[in-house]
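So, in structure tokens, the structure goes:
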């Protein structure tokens, strides 16, 4: 072990610890940078190891990298057990990773649905349950389940994804009820159109990202700011914050990805 590695490991135990799934790319990476900059030790979860993920993790002040396919729920639980055994102040779990694959209301694609319900609902819920059963933190533990503004503004596109997010949203209130009276807090965080998604081109996102009440692009940093606030604020457990410039207050007949192309 090098002196630098030893110093990083020692520093990890002096900071509150957080696991963020899908933390090396897109919104997950924005969250990881924000928490690392705020003095947290960030456990960067990725689907599989890569040089890109290693470089990103190394760029953070205090971080470590873990890999796990969320299609394998048992492997995900083993990851939680391992981290719970080594950390003394594992203060937060952020279930951010998700799959976003198109299918339609006319006919569910069984393979797409199976992946969506496992990765977007079942496995992260099991991870939250295991975390709340095993992790230690003198400050109380907090869970953020990443949802979607489609909960209140649904449309038939990305049908299995949306069904899975509705199922996942139920975990927030139910887990909060199960842990009522404790210092633990379980929250939902629901973004709207924020980054180019699926096969969308940047110029299309410039249009679709403004399809909200404020007519503005919602920046990923706004989600990170909301997550940091939930890490220390005292919003009632079981609540969901929508960070989408009011998109969830609209009624959109299709996903904005397709509305922008029309």
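In our numbering, the protein residues as written are 40 to 301.
In this text, a Cβ means the ideal position worked out from N, Cα and C, and glycines have one as well.
Just so it is clear, the structure is predicted and the values come from calculations on it, not from any experiment.
- Taking the CA atoms as reference points, residue 196 sits about 13 Å from residue 187.
- Residues of the same chain with a CB within less than 6 Å of the CB of residue 103, apart from the 5 flanking positions on each side, are 82 in chain order.
- Sixteen is the threshold: since fewer than 16 other Cβ atoms of the shown chains lie within 10 Å of the Cβ of residue 125, the residue is exposed.
- With three or more CB-CB distances shorter than 8 Å, the stretch 148–168 counts as touching the stretch 202–212.
- The residue from 53, 95 and 52 with its alpha-carbon nearest to that of residue 71 is 95.
- The Cβ atoms of residue 128 and residue 56 sit closer than 8 Å to each other.
- Residue environment: residue 117 is assigned as exposed (fewer than 16 neighbouring CB atoms within 10 Å of its CB, all protein chains considered).
- In the same chain as residue 164, and ignoring 5 residues on each side of it, the C-beta atoms closer than 6 Å to its own belong to 210, in chain order.
- Residue 59 has 83 and 133 as its beta-bridge partners, per DSSP.
- Around residue 249, the same chain offers 255 and 256 as residues with beta carbons nearer than 7 Å, after the five sequence neighbours per side are excluded.
- Judged by DSSP secondary structure, residue 141 falls outside any beta strand (DSSP E); it is assigned neither H nor E.
- With contact defined as three or more Cβ pairs closer than 8 Å, the stretch 235–242 and the stretch 269–287 are not in contact.
- Cβ-Cβ separation between residue 241 and residue 262: approximately 19 Å, too far for a contact (criterion under 8 Å).
- Residue 218 holds the alpha-carbon nearest to the alpha-carbon of residue 170 among 218, 246 and 286.
- For residue 95, the enclosing alpha helix (DSSP H) starts and ends at 90–97.
- In this structure, residue 194 lies away from residue 286, with their beta-carbon atoms at least 8 Å apart.
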